[in-house]
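In our numbering, the protein residues as written are 222 to 360.
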């Protein structure tokens, strides 16, 4: 499994990554603007599929920058996650169980550092996401 982290817009790197992919997933923050962009992104990728640029299928949506209070998701995030779940279903998709938490200390890391190795909660979130991806893609 190879993951390409591409911007959510029409760029050469995004199109090239999709052209050589079997699947794609959409990381999204839970706020309204990010949720609205999901539908536009799916429509854009479907047009690429119709033009035979890619065969990539949507695996699902990953909630990103989720805020927690202790070990619980903040109440406002729960409501937003419900809305995100509804949007995913409208597009015949799902929101992965794995939620990528908001890391307020992310900018404190050196440029060459990997979050995965420096933050235990990040490691747990990405381990759960990896397991979800493998299961969803039947790898």
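Cβ coordinates follow ideal geometry from the N, Cα and C atoms, glycine included.
No experiment lies behind these values; they were computed from the predicted model shown.
- Under the three-state reduction of DSSP, residue 290 is assigned to strand.
- Comparing alpha-carbon positions, the option among 287, 297, 291 and 242 lying closest to residue 317 turns out to be 287.
- Judged by DSSP in its simplified three-state form, residue 315 adopts coil rather than helix or strand.
- When DSSP states are grouped into helix, strand and coil, residue 231 belongs to the coil group.
- Every unbroken stretch of the beta strand (DSSP E) spanning 3 or more residues and falling wholly within the segment 255-303 is given here in chain order: 278-287.
- Within the same chain, and ignoring the five residues on either side of residue 248 in sequence, the residues whose Cβ sits closer than 6 angstroms to its Cβ are 283 and 285.
- By the Cβ rule, the segment 262-270 does not count as touching the segment 291-298, because fewer than three pairs are nearer than 8 angstroms.
- Counted as a single uninterrupted DSSP element, the stretch harbouring residue 242 is not any beta strand (DSSP E), since DSSP gives it neither H nor E.
- Around residue 225, the same chain offers 238 as residues with beta carbons nearer than 6 angstroms, after the five sequence neighbours per side are excluded.
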